[in-house]
Structures are given as structure tokens and as C-alpha cells.
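Undergrad: For what it's worth, our numbering labels the leading residue of the first sequence as 207, then goes sequentially.
C-beta atoms are modelled at their ideal positions from N, C-alpha and C, and glycine is treated no differently.
Just so you know, these numbers come straight off a predicted model, no measurement behind them.
If you scroll down you'll find the structure; I have some questions about it.
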Amino acid sequence: MTDYKKTLNLPDTLFPMRGNLAKLEPEMLKAWERKRLYQKIRAACKGRPKFVLHDGPPYANGDIHIGHAINKILKDIIIKSKTLAGFDAPYIPGWDCHGLPIEHQIEKKYGKNLPADKIRELCRDFAREQVEKQKADFIRLGVLGDWDKSYLTMDYGIEAGIIRALGKIHKKGYLYQGQKPVNWCIDCSSALAEAEVEYEDKTSLAIDVAFPFKHNVALAKALGVSVINEPAFAVILTTTPWTLPANQAVSVHPDYDYHLVRTVKGLLILSSELYTGVNSIRSSTIDEKPVQSDLGNPSLAAYCLVNYDLENLGVLGTCKGSALNLLELKHPFDERSIPIVCSEHVTTDAGTGLVHIAPAHGVDDYIVGQKYNLPVDNPVDDNGKFYDHIPLVGGLSVWKATEVVVQELRKNSLLLNSDKLQHSYPHCWRHKTPIIFRATRQWFIGMDKPTYNDASKNANFVPELLDGQDNLRNRANSAVTATEFFPAWGRARLESMIKNRFDWCVSRQRNWGVPMAFFVHKETHEVHPKTEVFLEKIAQMVEQKGIEAWFSLDIAEFLGKEAKDYKKLTDTLDVWFDSGTTHDTVLKSSEQLKYPADLYLEGSDQHRGWFQSSLLTSCAINGDAPYKALLTHGFVVDGNGHKMSKSKGNVIAPQKVMDTSGADILRLWAASTDYSGELTISDEILKRVVESYRRIRNTLRFLLSNLADFDSDSDFVDEEQCLDIDRYMLAFTRAFQDELTQNYKRYEFHVVVYKLHYFCSEDLGGFYLDVLKDRLYTATTTGIPRRSAQSVLFHITHSLVRLLSPILSFTAEEVWEHLTCNTDDSVLLHTWYKFPPQPDVRLLLQRWTRLRELRSDVQKKLEESRAQGKIGSSLSAVVKICTSGEDFALLNSLGEDLRLVIVVSEVTVIQVENPLENGIFVTPSVHAKCERCWHYRKDVGCKEDHPTICARCVSNLFGPGEVRRHA
RNA sequence: AGUACAAUAGCUCAAUGGCAGAGCAAACGACUGAUAAUCGUUCGACCAGGGUCCGAUUCCCGUUGUACUACCA
């Protein structure tokens, strides 16, 4: 008996079924580094149109988490797909290195009493360490980039660039100094950043204060009543009585209703809106006393009167808060007049519906103050004491002042109530003492300040884009209009943020940051008139020695005898300014990159952050956005849609996934998830990803294994000589590639993954390869039918490996090595596969689409027989198809090849007149099974010396080989 | 609390003001020439609720989640 298995062309490859990615990927990374792959790609892409994705610098602190991973992977997929699409797409990764979080790390480790230059030195070292750690992980993800020349915002050149950028913005007239309330710790004598504040319970004195109206006539008019001839008061509640000396207004909500209520203590303005708070304010009082019924609902006014122990003697009038706008009040213990203003931040869950406004002591107050042009006079010094010249409380600490204020109010009969209140209050994280809000001198970039220059000089700036005046807000607005957004809602988000944002406070009182390298006049605080010249000189010094050059600089060297009138500004820049100006310090100065970038890609939080800081600085400097398009991805959450936290224990570390499953699994996950919303990850999800990876990998393996003996130089069969099904699959794959490259272009990677997977399992595994196996294995090795199949498999593999490579970079490279046997080459050095020309494939596609449907109909019937135990393998079956019309013609046209498409041993197609007679009938074959090709054929044994094989095999083995036209 | 985005089968994704479509998983079966693979068949879903409409998975309200902002007199 002959072993016919040896006569078959069975699959053969060294490409392993299991990826063993965790082990192989690091080796491949070494190989990429060894052959300088990134630099090779740059050389190969030279002269092509550029596509610049500018890397938003992650903050150089802590190990990378899954959020970093998704961001870098998406960027990498884009860079690679753009390269394949024929662009020169460089990638220069960056890091954000200055700022408070790093300074904190150093303080935590070394204490906070180090000299400033030592802190900066330690910070610099720390940041460098962090960068190296993160860089190693990013590289491990398979992210290809110029890691040797990555940019750090603490590079001396960039530090100098930041100072120059500040100079440019200053020159345009956007920079100004102003007072703004900040968190202030009395014990630190310093401003605190948000991160240095913690909330704790504190007991404060809550007092209700009556502000006398100055003009009853105006009040009467507002209320629509004829006359008011008793003293009237607007009543406010405050838990910080010490802020009353800085009071500049009383605010009402424009849409709330307000009553003028008669009491024995005078006429009081109180809101008649429903009280919506829980009884947190003086609850004991409320519980004990019934709410006055003649006011009807439990309104704020009703609650207040109960608290004040006053009887409602009648409501004289009612009006909307907006009607009270700009009425004049008398300050309760100062001679000043103050206005009533309107503000949306007034609420009904506590107080009177009227709020005392001290712009120097509260952010909301400050905002309202800006709107109404109220002065930001701050009466409190660095140590929390009122300045000596302040009446009543001069020289007192704010806490002492509280008592004095209360006494004064009581004396003036303007105190309606006072009570102790426990509430959450900000405290200094170091001293654990209550902080205060206090306005200090800060530097701002003005959103609405007119641009100071003639715009015509600026090549990029298009004045007609501006909506109205040339200022930063309008410039930013126009720039947003000119930007493309993925997904589209990003535009509305950025737009509304630009519209509503306040001036950008760019100064910080910290050590680890780029200095605002100004000389300011000791008396007037004005910057030196020659600032422009100085800044350039300083920038040159910083270029040599880093920011330390400024801090160690001798003022006399610069200013000579003027030095005594000026001081060096010790403020540093908000770290967002550093990253926000990378379009100026990195894009413009790099030979590889260009301004503006084609794309910025970050998490959705960066609408508030980097997207905006970059937009503002670029609009200030250039008049337009530093990017043509913005792409946003969501945050990573767990399988239940909840955010990851250590305490919940649902954190998935990218390092762990890479070390167990491999980076390609993480990449496939990242690509398969729709990033426009939140991205879910869990062990189950990863398990599914691994399974889907295996499917793709196995398909590639099968393709490779059937190309083992195929030499593309000598064995290629021209398209027109290929069998019908091969020509169909070629056309199909071309269309498939076109679709996928479009999906790549639109950044729809999850669609790419889905389609790739479908293609591998349905189009290839479930159809084409299934049909092809017989021909590949049993046909004459070098005959046209087999070479035709291999030619198309070659095209498919080359197309597929490229389509995979932006996502499954490691696996694609591994395939590439097996496919080309060239270890110097890389799939990433190529562009999308160029298929041979194939004119007019419409009919071809149509025919086979229908054939596949009919094939699937037969398979259902086969399964029925199989379930009944009539047949096992589909080759053990004989099929009779009764049909009519086009289907008959189509099936019949395949002739003998039809059974090979359906993968059964025998098919007869019968034309019927009546559609009711349509049907598919399956019976077991009565013939012997050919030992070689496993078909059940009547002609098995037709050759005497080979009694166990069929005629087809005989011809393939000893004759001219079988003839096939269709499949 | 406000704003934005999201919600479809166990998982990842589609489509649609008029029968909700895939792949994976699962179940069953076949094969043993892709074999820790492969092929086939089957099973399975519109966020609870309310509204607009002849009709809602789709539009509106609400719920839940996420992000940003505000946490306050």
C-alpha cells in the first residue's frame, strides 16, 4: 500500500501557531533598534508629503498606566498607517518636566527647607529618571519613534524657547498683572496650589447681615410699589465675617423672586424661592419653631425669619432679582456705597438668596466682580493681618477681626442672627490650618485684551477670520472653526470652553519652573522698557545653562545703576505654559516636524488642558491654531464601566498585560475598542482579544504555510490566467483593502479590527481557504491550478500583513520575515500593497457573492443530514440542487468544479419549472473514498496498480494533471 | 450641582422613526491533511421607567456610567 500522503502538497511553515509574544517582542525590539528601523523609515520616506502628529508630552512622574498606553498606541497606529499610506510621518515623543507635582516629590523626599537651586537640581534629576522609566515602557509597547531625540520641556533649548515664547506673547500686549484670589496659607505666607489644599470640617460663625438701602424710591420702583417710607435692608448670610471689610457688592440671582417683608426690625429683602437645602443651617432652631404659615411655602424668607425670631408683618412687594440689579446699598460699617449685582452662582439651599461679594476673597466673587468692574481691593497682608490703614480691623488677624466685625454689626443693629456652623472648609495640607482666599498680584494672559501689533506683518494670521475685535478670545474662536475634530463634538466642547474661560493666570510662586524672566520696577511693578532685548539675552544664557541662569543672574550686570529700582521677578510659569508652547519650541525648531501639526491626539481631558493651552499660545503668537485636526479618546474604565482605582482593585497595568500576553494583545485591544467613548478593559475582554488574536495569527500561519514552495519570481500566474474563484478573491481582497485603508484614514481602528477578523474567519477560513485546500494539497505541485491559488494567496498575504502592521506590529513583522526571508527589511518600510490591474470585476464579484449564498444554503442542508447521522464529513455527501432561472445557469456554469466549491463529492444541478420544486437534497455517497483526496468517487480504483485512488488523483500524479477553470 | 459624551446578545462592534446585523464566547456536531487548530449548525440583545408619534432601539424627559467644571456665601 502506497502512502499517498507523501504525494500531497501539505502546508509547511516554521511560523509558530502560538505567538509567545511576551518573549519574542523584546527580541524584535532589539532587532529594530539594531537595524535603526525608525531612521531607516525616515530615509525611505524622504521627499514624501509630511504628516505630523505632534506628541503631547506626558508628565514625567510615575509609571505609565493604561491611559498612557492607549494614548501612545493610538498615536503609533496613526503614524504607521500614515506611513503605509505614503506619507512621511515622523514621531518625536516628548515629556513635560517642570511643575509642582515633581517639586512635591522632591519635598516629600528631602524636606522643604532646601535651597531653591538645590531643589531645581534634584527636580531635574528626578524628572530625567522618570522619563527614562516611562520611555522604556513606551518602547516596549511597540511605539516607534525618535526615542534618542525625544524632547523634554526641561531641555535647555526648550527652556530658552519658553522664555522667548513668553516674550512674544508679551510683545503682543496680552500679558498683564492683576489681583486674583488664590488659596493662601497664613502659616506658609504663601499661595497654595489646588493640590496642596485639603478639605476638612471647620466650625465657623455664620451671620446674617442687613445692608441698608440708600434710596427707597429706587427700591420702590424696582418692586413696583408706590412708596416705601421705612428703612429697608438687603440681607445676606456669610460664614466668613472677616471678609466684610472687603465687601464690594451684594449679589442676587436674576431669576429668583424676592419679597420685601415688613418686620419690627425694618423692611427686609429676602428671597421667596423654595428653600432647597437639607436643614444643615441652624437646624435646631428650625425644628423647634414652626414655619410661619402666612408666607405659605417654606421659602428662604420664611426660614430666615424663623431664624431671626421675627414675625412677618406683611409682604410689601415682590420682584425678580434682575429688577434689583444695580440698586445702591450702604456698606454695614464703612462709608462706601455698594451695588446689588446679579449672579447665577446664588443658590436656594442655604442663606437668604442674597450673597455678599468680596472679589478679593472668593473665586465666584472675583468672577462677578470682573463682570461688574468691581475693585479687587485686598485688605489682608501675607500673614493674614489687615493692613493698618483699614478702618475698624486694621492690624488685626482675620480670625480676630471676625469678633470685631460682629460687635460692630451688633452695635449698628445690622446683625440679624449669628450661629455656629460646621462645614467643609479648605485647609493647608502641611499645617492643617484653615486657609483663606486672598487676592495677590499675578500675571495673566488676557483673553479680551486687544492685540498689540499690526496683524498684517504676520503671514499666518487671517484677519477676516476674526469675529469682531482682534483679541485672543476671538482669535481662538476662529482657530477652532478652522480645526477638524474627531469625533465632531470636540468642537462644541472647545468652543464653549474658549467662550467661557477667564484670563489665564500664568504665574506661579514655585521653584521648579521656567522663570518669568522680567525685571519689574520696585514701586510701579512695571516691566523694564527694554524687556524685549533682555529676554533674548536671558534666553541665550538659559540655552547654555538652563533656567538656573536666571535665578543666579546678577541684576546689576543687566541694569547697571538702574538695578536699585528693579527686582528680578521670581515667579515661574504655569507648567501648562511649557507644554502649551511646544508648537513654538518643538514643532518650529525641528527639521523633521512642521508647524502647524496635522494632528494633536490626547484624552478628552485635554480640551481643558493641552489642546487649549496650545491653542491660546499659538493664537497669541501666530494668530492661528497649531493643529489642523484634533483627535480625542476617552478614559479607560473597567468591565462594568467604572473608573479604575487602586482601592477598587480593578486596575489593569499595561506592564502586566505585556509581560503575560504581549504588547500586540494590548495593541489589538486598544484598536478594537471604540475610543471615542470610554474604553473598557477587563480580564474577560482581554481573554476575548487573545482569542481573536489567535484567529488572525492562525490565518496568517496557514497562508504562509501554503506559500512555502511558491517563488514569486518564477511561479506567478497572471491574473487573466487564474481560475475564476481566485480572480474573484483577488478582486474581493482589493476591495477589502480599499475599505480598510479608508477606515484607517478616518481613524476608525475598531472597524479595521472587526473587518480584519471577519475577513480572516469568514471570507478566508469559512470560504476561500476551505475551498482551496483540495486544490493546494492534491493538484499537481507546479501546475497552473495550484500556482493560480498560490499567486492569489501571495497577494492576499502581502495585503493583509500590511493592513495588520499598524496594529499588530510585532506579529506583522514576524510574518514579514517568514514571507520575505529578508531580515534587513521590515513591513513598516513599505506602503499599502499594490495589486495587479484587474479590469471590470463587477460581474465577477456579483456571481461569486451569489454562489457563496447558495453554498451556505447547501451547508445548512448538509448539517441536517449530519445531525441525522447520515453523513459525517461533507465529502461523504452527494448533493442534488433543484433550481431554476439565474441560479440554475450560475450553478450549471461551474460544471464539474461546482462540487469543489461546495466541498462535496458529487453535485447535480437540475433545472425545474415550478419554483415550488426548488430544493437541496443530500444523500450519502455510495462510492469508495479516494485514499488520497478523500472524495467519494465512482472512479476510485480505475488504475489497476493504484486501486485506492480516484481518476483525478491518477491524472495529478501520473498524467497531465486535472483541468480546472472555476475553482 | 452644571455641561458634554455614552448606554444594543456573556464580550467587542453595526444599522435604523417601520422585521435589530456581525464576529467572538457558549451549546451541539464534523473532521483528524491549519490539530492546544480547522469546518458546520444552533442559541442569544435595543438602560428600569415616562412622554411625542399611526409607529420609538432611534426624538424628548429620566436613570446609570465616564470626563470636565463647581464644591460655595
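Considering Y462, what are the terminal residues of the beta strand (DSSP E) in which it resides?
TA: The sequence position of residue 462 within the first sequence is 256, counting from 1. Per DSSP, Y462 belongs to no beta strand (DSSP E) and is neither H nor E.
Undergrad: Considering P597, what are the terminal residues of the alpha helix (DSSP H) in which it resides?
TA: Stepping through the first sequence from its first residue, residue 597 is reached at position 391. Element bounds for P597: n/a, residue is neither H nor E.
Undergrad: If we count the other Cβ atoms within 10 Å of its Cβ and call it buried at 16 or more, is R488 buried or exposed?
TA: Counted from its first residue, the first sequence places residue 488 at position 282. Any reading at R488 is ruled out, since the residue's pLDDT is 42, under 50, leaving its predicted position unreliable.
Undergrad: Below 8 angstroms CB to CB, which residues in the same chain sit around D1030 once its five sequence neighbours on both sides are set aside?
TA: Within the first sequence, numbered from 1, the residue matching residue 1030 stands at position 824. Excluding residues within five positions, the ones whose Cβ falls inside 8 angstroms are K241.
Undergrad: Consult DSSP for S490 and reduce its assignment to one of helix, strand or coil.
TA: Here residue 490 refers to the residue found at position 284 of the first sequence. In this prediction, S490 scores a pLDDT of 37, lower than 50, which makes its location untrustworthy; no coordinate-derived value is stated.
Undergrad: Determine the direct distance from the alpha carbon of A698 to that of S882, and round the result to whole angstroms.
TA: As a first step, residue 882 is located in the first sequence; it is residue number 676 there, counting from the start. As a first step, residue 698 is located in the first sequence; it is residue number 492 there, counting from the start. Each residue's Cα considered, the two are about 15 angstroms apart.
Undergrad: Quick one, are the C-beta atoms of C303 and M360 less than 8 angstroms apart?
TA: Stepping through the first sequence from its first residue, residue 303 is reached at position 97. Stepping through the first sequence from its first residue, residue 360 is reached at position 154. Cβ atoms of C303 and M360: closer than 8 angstroms.
Undergrad: Between D323, L259 and E1119, which has its C-alpha nearest I283's C-alpha?
TA: Here residue 283 refers to the residue found at position 77 of the first sequence. Ranking D323, L259 and E1119 by Cα distance to I283 puts L259 first.
Undergrad: Taking the straight line between their C-alpha atoms, what separation do you get for D1174 and H1036?
TA: Residue 1174 lies beyond the stretch modelled for the chain, which goes from 207 to 1173, so this question has no answer here.
Undergrad: Decide if A1083 is buried, meaning its Cβ has at least 16 other Cβ atoms within 10 Å, or exposed.
TA: Translated into positions along the first sequence, residue 1083 becomes position 877. Buried: at least 16 other Cβ atoms inside 10 Å.
Undergrad: Within this structure, are the beta carbons of S1080 and V1109 separated by less than 8 angstroms?
TA: Residue numbering aside, residue 1080 sits at position 874 when the first sequence is read from its first letter. Residue numbering aside, residue 1109 sits at position 903 when the first sequence is read from its first letter. Yes, they are a contact pair.
Undergrad: CB-CB under 8 angstroms to T737, same chain, minus the five flanking residues each way: which ones, in chain order?
TA: Numbered from its first residue, the first sequence carries residue 737 at position 531. The residues are G373, H376, F724 and F725.
Undergrad: Can you tell me which of the three DSSP states T1026 falls into?
TA: For this step, residue 1026 is matched to residue 820 along the first sequence. Correct three-state label for T1026: helix.
Undergrad: Closer than 7 angstroms by C-beta to V610: which residues in its own chain qualify, once you throw out the five before and the five after it? Chain order, please.
TA: Here residue 610 refers to the residue found at position 404 of the first sequence. Contacts found: L598, V599 and L602.
Undergrad: Using a 10 Å radius around the Cβ and a threshold of 16 neighbouring Cβ atoms, would you call E1070 buried or exposed?
TA: To locate residue 1070, count along the first sequence from 1; it is residue 864. With fewer than 16 Cβ atoms within 10 Å of its Cβ, E1070 is classed as exposed.
Undergrad: Go through its chain and collect everything with a Cβ distance to V863's Cβ below 7 angstroms, but skip five positions before and after it.
TA: As a first step, residue 863 must be located in the first sequence, where it is residue number 657. Within the same chain, V863 has close Cβ partners I871, L872 and L892.
Undergrad: In this structure, what does DSSP give as the bridge partners for L476?
TA: The sequence position of residue 476 within the first sequence is 270, counting from 1. The partner list for L476 (beta bridge, DSSP) reads H465.
Undergrad: Over the uninterrupted beta strand (DSSP E) stretch that includes H727, give me the two end residues.
TA: Walking along the first sequence from the start, residue 727 turns up at place 521. Note, H727: beta strand (DSSP E), F725 to H727.
Undergrad: Are the beta-carbon atoms belonging to S1032 and E1019 less than 8 angstroms from one another?
TA: Working through the first sequence from its first residue, we reach residue 1032 at position 826. Working through the first sequence from its first residue, we reach residue 1019 at position 813. Yes.
Undergrad: Alpha carbon to alpha carbon, what distance is there between C1159 and D1151?
TA: Residue numbering aside, residue 1151 sits at position 945 when the first sequence is read from its first letter. Residue numbering aside, residue 1159 sits at position 953 when the first sequence is read from its first letter. Distance between the alpha carbons of D1151 and C1159 is about 13 angstroms.
Undergrad: Take S684 as the anchor and find which of F692, P693, Q311 and L700 has the nearest alpha-carbon.
TA: For the purposes of this step, residue 684 is identified with residue 478 of the first sequence, where counting begins at 1. Checking every option, the nearest Cα to that of S684 belongs to L700.
Undergrad: Taking Cβ positions, are K834 and D804 nearer each other than 8 angstroms?
TA: Counting from one through the first sequence, the residue named residue 834 turns up at place 628. Counting from one through the first sequence, the residue named residue 804 turns up at place 598. Result yes, Cβ atoms of K834 and D804 sit closer than 8 angstroms.
Undergrad: If we require 4 or more residues per run, which alpha helix (DSSP H) segments fall completely within the region 962–1027?
TA: 975–984, 990–1010 and 1015–1026
Undergrad: If you draw a straight line from the alpha carbon of I325 to that of E309, how long is it in whole angstroms?
TA: As a first step, residue 325 is located in the first sequence; it is residue number 119 there, counting from the start. As a first step, residue 309 is located in the first sequence; it is residue number 103 there, counting from the start. Rounded to whole angstroms, I325 to E309 spans 7 angstroms at the Cα level.
Undergrad: By Cβ distance below 6 angstroms, which residues in the same chain neighbour S490 in space, the five residues on each side in sequence not counted?
TA: Position 284 of the first sequence, counting from 1, holds the residue named residue 490. Note that S490 scores a pLDDT of 37, beneath 50, so its modelled location is shaky and nothing firm can be said.
Undergrad: Looking at C-alpha atoms only, which residue of L381, A831, L982 and T886 is the closest neighbour of G847?
TA: Position 641 of the first sequence, counted from the start, is the residue given in the question as residue 847. With distances taken between Cα atoms, G847 lies closest to T886.
Undergrad: Which one or two residues does DSSP pair with R647 in a beta bridge?
TA: Translated into positions along the first sequence, residue 647 becomes position 441. DSSP links R647 through a beta bridge to Q385.
Undergrad: For P565, which option in Q675, A755 and V388 has the closest C-alpha, if you only look at C-alpha atoms?
TA: Along the first sequence, read from residue 1 onward, the residue named residue 565 stands at position 359. If we check each option's Cα against that of P565, V388 comes out closest.
Undergrad: Helix, strand or coil for E884, going by three-state DSSP, please let me know.
TA: Your numbering for residue 884 matches position 678 in the first sequence. The answer is coil: DSSP assigns E884 none of H, G, I, E or B.
Undergrad: The alpha helix (DSSP H) with C1159 in it runs from where to where?
TA: For the purposes of this step, residue 1159 is identified with residue 953 of the first sequence, where counting begins at 1. Taken as a continuous stretch (DSSP letters only), the alpha helix (DSSP H) holding C1159 covers A1157 to F1164.
Undergrad: Evaluate M223 with the Cβ neighbour count: other Cβ atoms within 10 Å of its Cβ, from every protein chain shown; 16 or more gives buried, anything less gives exposed.
TA: On the first sequence, residue 223 is found 17 positions in, with the first residue counted as 1. With fewer than 16 other Cβ atoms within 10 Å, it is exposed.
Undergrad: Just the C-alpha distance for T1129 and I1077, rounded to the nearest angstrom, thanks.
TA: One-based indexing of the first sequence puts residue 1129 at position 923. One-based indexing of the first sequence puts residue 1077 at position 871. C-alpha of T1129 to C-alpha of I1077: approximately 8 angstroms in a straight line.
Undergrad: What are the uninterrupted segments assigned as beta strand (DSSP E) that are 3 or more residues long and contained completely in the region 822–856, given in chain order?
TA: Correct list: 833–839.
Undergrad: If you measure between the beta carbons of F417 and I442, is that distance less than 8 angstroms?
TA: One-based indexing of the first sequence puts residue 417 at position 211. One-based indexing of the first sequence puts residue 442 at position 236. Yes, they are a contact pair.
Undergrad: Quick one: Cα of S853 to Cα of P581, how far?
TA: Position 647 of the first sequence, counted from the first residue, corresponds to residue 853. Position 375 of the first sequence, counted from the first residue, corresponds to residue 581. Straight-line Cα distance between these residues: approximately 46 angstroms.
Undergrad: Give the single residue among F332, G348, L306 and E239 whose Cα lies nearest to the Cα of I285.
TA: Counting from one through the first sequence, the residue named residue 285 turns up at place 79. Answer by Cα proximity: G348.
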